[in-house]
Structures are given as structure tokens and as C-alpha cells.
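Visitor:
Number of protein chains: 2
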Amino acid sequence: MGVVLPLDEPRPERSSGIEKLSGLVAANMQRVNALILSRVGSDVEMIPEVANHLISSGGKRIRPMLTLAGGMLSDYEGDGDVKLAAAVEFMHTATLLHDDVVDESDMRRGKNAARLVWGNAASVLVGDFLLGQAFKMMVEVGSLESLDILATAAAVIAEGEVLQLSTAKNTATSEDDYLAVVRAKTAELFAAACEVGPAMAGRPKAERAACRSYGMNLGIAFQLIDDALDYGGSEAKLGKKVGDDFREGKITLPIVLAFRRGDDEERAFWTRALVEGGAVDGDLERALQILTHHEALRDTLLRARHYGSMARDALGLFPPSPIKAALLETVDFVVERAH
Amino acid sequence: MGVVLPLDEPRPERSSGIEKLSGLVAANMQRVNALILSRVGSDVEMIPEVANHLISSGGKRIRPMLTLAGGMLSDYEGDGDVKLAAAVEFMHTATLLHDDVVDESDMRRGKNAARLVWGNAASVLVGDFLLGQAFKMMVEVGSLESLDILATAAAVIAEGEVLQLSTAKNTATSEDDYLAVVRAKTAELFAAACEVGPAMAGRPKAERAACRSYGMNLGIAFQLIDDALDYGGSEAKLGKKVGDDFREGKITLPIVLAFRRGDDEERAFWTRALVEGGAVDGDLERALQILTHHEALRDTLLRARHYGSMARDALGLFPPSPIKAALLETVDFVVERAH
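So the sequences go chain by chain: A and B. Mapping the first sequence onto this note's numbering, position 257 (from 1) lands on 257, and the numbers just tick up by one. Residues are numbered in this note's numbering as their position in the second sequence, beginning at 1, plus a constant of 1000.
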């Protein structure tokens, strides 16, 4: 499986990796990674086992890198950014553990989901432990503003997940409804990760808001690209099988668009495959046909570009610098990885 | 069902209610209750629904009362105690929601468990939301010491729950192992609830430690009485059915004691009923016979008295006051409610 996702527009002439970003934050990321390993430790053996299963499975750690980058962009000089970056990654890992239970997923990052190996109970509780450890690290840093940003993010993320429960099986979900879920569930943590650097550095409100907006829009673009890749990416890029969202009956942006643009017969297909009966053999091919016919994947990528463009513009008030250039390139990486 | 739990010792001549405590904190508890109601609100309808199902089902709210009492005992004069008390109750409620998923429980406080009504996913996520809201309230109070105490408690509680996963089905659990779980899972939050008052009031370390010790030992006593009541209390007192722990195969202190004191035939019974086959008709009666024969329920109550006594002594360094008297009476209430 794996279809080409064509975009009519010429692609911008930019390099599109995150090498520049990872290079600039490399020294501090080593400290973040060491901290993650040490804070996942517990006398209760199952905790590091479960947590390391996920942590060592090679996520890109883009969120903690963003926290460090936000600090650099703000000329932050303390070392709280390292602890907050680790805390952000712990919050993310906790969310993944709980998500797998909520979605009853079987795979995560190309491995069996933790809940399949250790059970739902362990996934819920180790997630809780990581959240507790995340807050402990934040408290050690002692910045009440950063604590506020990240505690708010924790509540918003959970709220977004609950909201998703009610939209999850609803093919009539509107694009706005869907975006509300994406903002809360995915983009809020990107936004918070980017905002804590300038907050700790005591930068003016406008700079905090700019970093937050960069993270929020980058996060939305990131999720939309993920949605599209599920119907057209390679397994290696996804860490899960092509069509997983479809088989799990997830209503993502490509579906939202195709459902609105389709006829009665197509709508009946989506409802049967995603909600009522579940997908059967041949359904994924049919879904790809409909998505292509309505240009739903292409337009999902264009929407992602739109948010990527907003992310880039959000950084406009910062003067040129290597870290700013790296953050701009990160947008390209996120948006262009669909190709 | 409902057997008498006889104690050979004469019962101390004390009144044993929490009327004194609830009277002294009544005005602030009204503010706590209002805060709980307002902070459980969300545009996402399912959140207040699920949370209120549990919150309105009439827990005793002993933990937030302890937080307010700790403040009074320390002559705390701000209003952070109200927010922290609500945060403590939210942490407790979040734990209950996650526990029900972990234990696959059907009943909670005499009602259907939330997971039966709204599903596991909602229970996990609304728990996460309440935890996020709890941290937001703590951040608003702005006491880093209190944040430290409560964030540590959150991590320790989760750690204790994971520890329990590994002891849950092990009849060879020692009394010390079991106590380690009780300390982490139940008593740590009592301890933290009691410690934040003196911490916010900037009281000397010895007073903080005294309040913490009071809460820790009270929490242990509380859990042990719960363990005993499961085999001999009334449903009204328990909010669940007599024998629920037994039917769920929970290894509690009465079992730990009876298992060690029993013969091979009895040990085979416990292993079959609690671990391997699950309990069948007549097993609960047989369990009660064995527990009575080895005086396991009586000794569980005596152990609870021991911790109750430690809790009382922990407050020794405080001069007499109405709130101190109320806290001492609360120990009696907890220990004597088995009768």
C-alpha cells in the first residue's frame, strides 16, 4: 500500500530536515535524554519496563527539542529548560499510554502497544506515574508561569480527548469540530512546549504569544499530515500500518472532507465502514478511491501547509538567528514529510 | 451478611464521630464544595457528567477536611487552603476513576462504577482532566512547597498502584509488602493533605513532619479498617457489597494474616478462591470461618488501632486546641467505625 499524494502547487525550494534544529539543541538533548532515563527509574520494576518500551522505541522527541529551541530563541540562560523538556516528553508519553487504552490500539511506533504486553492497568498507572514525575520536575524548576502553562495543557489535552470520544464515531463531524479536537489533543502540547522557554526567560508577552502560536500551528500541521499519511504513507514513516485510522474507525480530516463532498451512496459507505459494521476487505481501496476522487488527501495537505505558513509567520517578530532558521526549517520538515 | 467483629480490649471512652472536625471546617468546606462544582465544569458535557456521578455520590470528603484542619492547626491565614483542599479531592477522585478501570470494578460508593456507565475510556480521560485541574489550582495558590508535596504524592500513588499490580494476585504477599502498597496507594494522599497546611503557613519542619505523620498513620488505619469491613461490615457503611474484595481476589491484610497462620489445606483454599479459579458459592462463608478461626479480622483491627495510636501521638507537640481535639477524635472515628 502507499499511494502518491500529488500537490498541484510547486513545492517551495527549501531543505526540509530537522538536522539544523537537532544540531543546535544536541548538547542539551543529551542531558534531556539522560534525565528521562533517570526519572523513569523506580523500585517498582514494571515502571521502567513499560515506560522504556515506549521511550526507547525512537520517537523523534520533537516536543522537547521545541522546548529547548524556545529557550534559545529567548536567550534563556538557566538550566530549567532541560527539566521542562523532559517533563514535556513525559507528558507526551503518558498521553500515548492512556491513548492506547482509550483507542484499544494494538501498535505504537512499530511495536506492540504497551497495553498488549502489560495490560490496560499497567498502561493507565505508568501513565499516571510519568505525569506525576513530570510535575515533580516542573516544581523543581520552580517557574510558576511554566507550571501554569503545562498544567493548563494537561487539563486541555484531557478535555480534548474526552471531546474526541463524542466525535470519534460521528461521520457528520464538521471541520471546525475536528480542528477543536486537534488543537486540544495534539497542538496544545506543542504550543506549551514552545511557550515555556520565553516564559522562563521573562520575555515580553508578545514573544510568548508568538512562540505559543508557532507551536500551536505547527502542531495542527503535524496532525493533519499524520492524518493524510495514514492513507498514503509508508509504514516506516508512520510506525503503524497504512489504513490503521480507517480500520479503527477514526474520523480524521480526509474523511471529514470526503464525507461532505460525497453523495448519498458514498456517505452510506463511510458510515458502514467507519461506524456501523467496521471495514472489510476491499474497503480501504474503495476509501482511497473516494478520497482521491474528492481530492480530500490533497486538500488535507494544503490545509496543513496553511497552518505551517501561520507557524512560520508567527516567528516574524524575532530577528534572524540560527535557531529561528532551524525552527522555520522544522515547519518544512513537518509539512513536507508527506512526500 | 455481616458478622460482628469482636475486640477483646475494652473500647476507649471517647465520642467517635467527625462532627467536631466537620463543624470546625464547615464554613471553608462550603467554599471547597463550591470550587469543586465550578472546576469540574467544561464545555465538553461528558466531563461534568462523569465527574459529578462520583463527586455527588457522597464521599465523606475526609481528605479536604484534613487539609483545612492542617491549615487551622498551623494558624494559616491565607485562602490557599481552600484551593488545595479541592485539589486534594480532585486527585482522590481521579485515582478512584482510574482504579475502577484497573480493578475492573462494577460498584463504587453504592452506585454503578463510572466505567460501567460511560466506559473505560471516559474514566481514564476524565481522571486525567481532574488531575490537570488539580494542578492548575495548586499553581494558582503558588506555593512551590505545597506543589512539591502534592506532585510527589501523585507519583508515589501511581507507583503504589503499579506495585499492587504485582502483589494483587500473590497470596504469599508479606505484611510488609502489603503495608508498602497501603502507604503509597492510600496513606500518602492523607499525609500530603495534612502537610500542605503547615507548609503554606511556613511552620517549622518538625510541625510539618508531625502533620505528615498524623496523616500517614491515619491513612493506614483507614485502609486496614476498610479491609476488615469488607468481611464484616454493612453495605451501607461500605458503599459496596460485603465480600467484594474477596470476589475480586484482592489480597488484603486479613488474607495476608490468615494465609500465614493457616495450614496447607487452607492455603490451597485461598489460592484457589482468590487466584486460580475465582470464588464460588459458599466460599465467602468458608473464608469467614478461616478468618475468624485465625483471628485475622480481630488482628487487622488491632493493627489499625496501632496506627491510629501513632497518628494520635504524632500530634503531641501541638498545644491543646479545638482543632487538635477534633483531629484526635477523627482517629477514633476512623478506627471505631468497624463497630
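Here a beta-carbon is modelled for each residue, glycine too, at the ideal position from N, C-alpha and C.
Counting only C-beta atoms, is Gln133/A closer than 8 Å to chain B at any point?
Guide: Position 133 of the first sequence holds residue 133/A. Chain B contact via Cβ: present.
Visitor: Asp106/A versus chain B: which residues are under 8 Å apart at the beta carbon?
Guide: On the first sequence, residue 106/A is found 106 positions in, with the first residue counted as 1. Simply none; closest approach about 16 Å.
Visitor: With 8 Å as the threshold, decide whether the Cβ of Lys185/A is near any Cβ in chain B.
Guide: Indexing the first sequence from 1 puts residue 185/A at position 185. It does not; no Cβ of chain B falls within 8 Å.
Visitor: Give the straight-line distance between the Cα atoms of Ala1314/B and Tyr1214/B, rounded to the nearest whole angstrom.
Guide: In the second sequence, the residue the question calls residue 1314/B occupies position 314. In the second sequence, the residue the question calls residue 1214/B occupies position 214. Cα atoms of Ala1314/B and Tyr1214/B: separation of roughly 5 Å, rounded to the nearest angstrom.
Visitor: If you reduce the DSSP assignment to three classes, tell me which class Lys1324/B lands in.
Guide: The residue labelled residue 1324/B in the question sits at position 324 within the second sequence. The answer is helix: DSSP assigns Lys1324/B an H, G or I state.
Visitor: Does the region 299-316 of chain A come into contact with the region 273-285 of chain A, if we say contact requires no fewer than three beta-carbon pairs (one atom in each stretch) closer than 8 Å?
Guide: Contact between the region 299-316 of chain A and the region 273-285 of chain A is absent, because fewer than three Cβ pairs lie under 8 Å.
Visitor: Kindly indicate which three-state DSSP category Asn1112/B falls into: helix, strand or coil?
Guide: On the second sequence, residue 1112/B is found 112 positions in, with the first residue counted as 1. Residue state, collapsed to three classes: strand.
Visitor: What does His1092/B reach in chain C if we use C-beta pairs closer than 8 Å?
Guide: The structure shown contains no chain C; its protein chains are A and B.
Visitor: Comparing the C-beta of Asp148/A with each C-beta of chain B, is any distance below 8 Å?
Guide: In the first sequence, residue 148/A corresponds to position 148, counting from 1. Closer than 8 Å: yes.
Visitor: Could you work out which residues of chain A lie near Ser1166/B, taking near to mean beta carbons separated by less than 9 Å?
Guide: Here residue 1166/B refers to the residue found at position 166 of the second sequence. By Cβ distance, chain A contributes Val44, Glu45, Met46.
Visitor: Exposed or buried, which one is Pro198/A when buried takes at least 16 other CB atoms within 10 Å?
Guide: Within the first sequence, numbered from 1, the residue matching residue 198/A stands at position 198. With 16 or more other Cβ atoms within 10 Å, it is buried.
Visitor: Please report whether the beta-carbon of Asn52/A lies at a distance below 8 Å from any beta-carbon of chain B.
Guide: By 1-based counting over the first sequence, the position of residue 52/A is 52. So no, Asn52/A is outside the interface.
Visitor: Take Val1050/B as the anchor and find which of Gly1249/B, Glu1207/B, Leu1096/B, Glu1329/B has the nearest alpha-carbon.
Guide: Mapped onto the second sequence, residue 1050/B falls at position 50. It is Leu1096/B.
Visitor: Less than 8 Å between the CB atoms is what I'm expecting for Ala1158/B and Asp128/A, so what's the real figure, rounded?
Guide: Residue mapping note: residue 1158/B aligns to position 158 of the second sequence, counting from 1. Residue mapping note: residue 128/A aligns to position 128 of the first sequence, counting from 1. Indeed they touch by this definition, with Cβ atoms about 4 Å apart.
Visitor: Buried or exposed, going by whether 16 or more other CB atoms sit within 10 Å of the CB of Val117/A?
Guide: Numbered from its first residue, the first sequence carries residue 117/A at position 117. Classification for Val117/A: exposed.
Visitor: Counting only C-beta atoms, is Ala1034/B closer than 8 Å to chain A at any point?
Guide: Residue mapping note: residue 1034/B aligns to position 34 of the second sequence, counting from 1. Closer than 8 Å: no.
Visitor: Using 8 Å as the threshold, is the C-beta distance between Val88/A and Leu189/A below it?
Guide: Residue numbering aside, residue 88/A sits at position 88 when the first sequence is read from its first letter. Residue numbering aside, residue 189/A sits at position 189 when the first sequence is read from its first letter. It is a contact, given that the beta carbons lie within the stated cut-off.
Visitor: When you compare the CB of Ala236/A with every CB in chain B, is at least one pair closer than 8 Å?
Guide: Position 236 of the first sequence, counted from the start, is the residue given in the question as residue 236/A. Any answer about Ala236/A is weak, because its pLDDT of 49 lies below 50 and its placement is not dependable; what the coordinates show is given next. For Ala236/A, the answer is no, since every Cβ of chain B falls outside 8 Å of its Cβ.
Visitor: Applying a beta-carbon distance threshold of less than 9 Å, which residues of chain B neighbour Asp100/A?
Guide: Here the question's residue 100/A lines up with position 100 in the first sequence. Residues of chain B passing the Cβ test: none, with the nearest at roughly 10 Å.
Visitor: Quick check on Gly249/A: does DSSP put it in helix, strand or coil?
Guide: Counting from one through the first sequence, the residue named residue 249/A turns up at place 249. In the displayed model, Gly249/A falls within coil according to three-state DSSP, outside both helix and strand.
Visitor: With DSSP run on the structure shown, which of helix, strand or coil describes Phe1318/B?
Guide: Stepping through the second sequence from its first residue, residue 1318/B is reached at position 318. Under the three-state reduction of DSSP, Phe1318/B is assigned to coil, being neither helix nor strand.
Visitor: So, helix, strand or coil for Glu76/A, using DSSP?
Guide: Stepping through the first sequence from its first residue, residue 76/A is reached at position 76. With the sequence shown as reference, residue 76/A is identified as Tyr, and Glu is not the correct amino acid for it. Tyr76/A falls in the coil class under three-state DSSP.
Visitor: Closest by CA to Ala311/A, which one among Trp270/A, Phe259/A, Arg212/A, Met72/A?
Guide: Numbered from its first residue, the first sequence carries residue 311/A at position 311. Minimum Cα distance to Ala311/A is reached at Arg212/A.
Visitor: So with Cβ pairs under 8 Å, would you call Ala1086/B a contact of chain A?
Guide: Taking the second sequence and counting its residues from 1, one reaches residue 1086/B at position 86. Not one chain A Cβ lies under 8 Å of Ala1086/B.
Visitor: For a contact defined as C-beta to C-beta under 7 Å, what are the partners of Leu144/A on chain B?
Guide: Residue mapping note: residue 144/A aligns to position 144 of the first sequence, counting from 1. Those within 7 Å of Leu144/A in chain B are Val1139, Gly1142.
Visitor: If you draw a straight line from the C-alpha of Ala326/A to the C-alpha of Ile18/A, how long is it?
Guide: Here residue 326/A refers to the residue found at position 326 of the first sequence. Here residue 18/A refers to the residue found at position 18 of the first sequence. Whole-angstrom Cα-Cα distance: 7 Å.
Visitor: Would Ala1209/B pass as an interface residue toward chain A - the criterion being a Cβ-Cβ separation below 8 Å?
Guide: Indexing the second sequence from 1 puts residue 1209/B at position 209. Not an interface residue.
Visitor: Any beta carbon from chain B within less than 8 Å of Lys136/A's own beta carbon?
Guide: By 1-based counting over the first sequence, the position of residue 136/A is 136. Interface residue, yes.
Visitor: Quick check: is the beta carbon of Phe1129/B nearer than 8 Å to any beta carbon in chain A?
Guide: Indexing the second sequence from 1 puts residue 1129/B at position 129. For Phe1129/B, the nearest beta carbon of chain A is closer than 8 Å to its own beta carbon.
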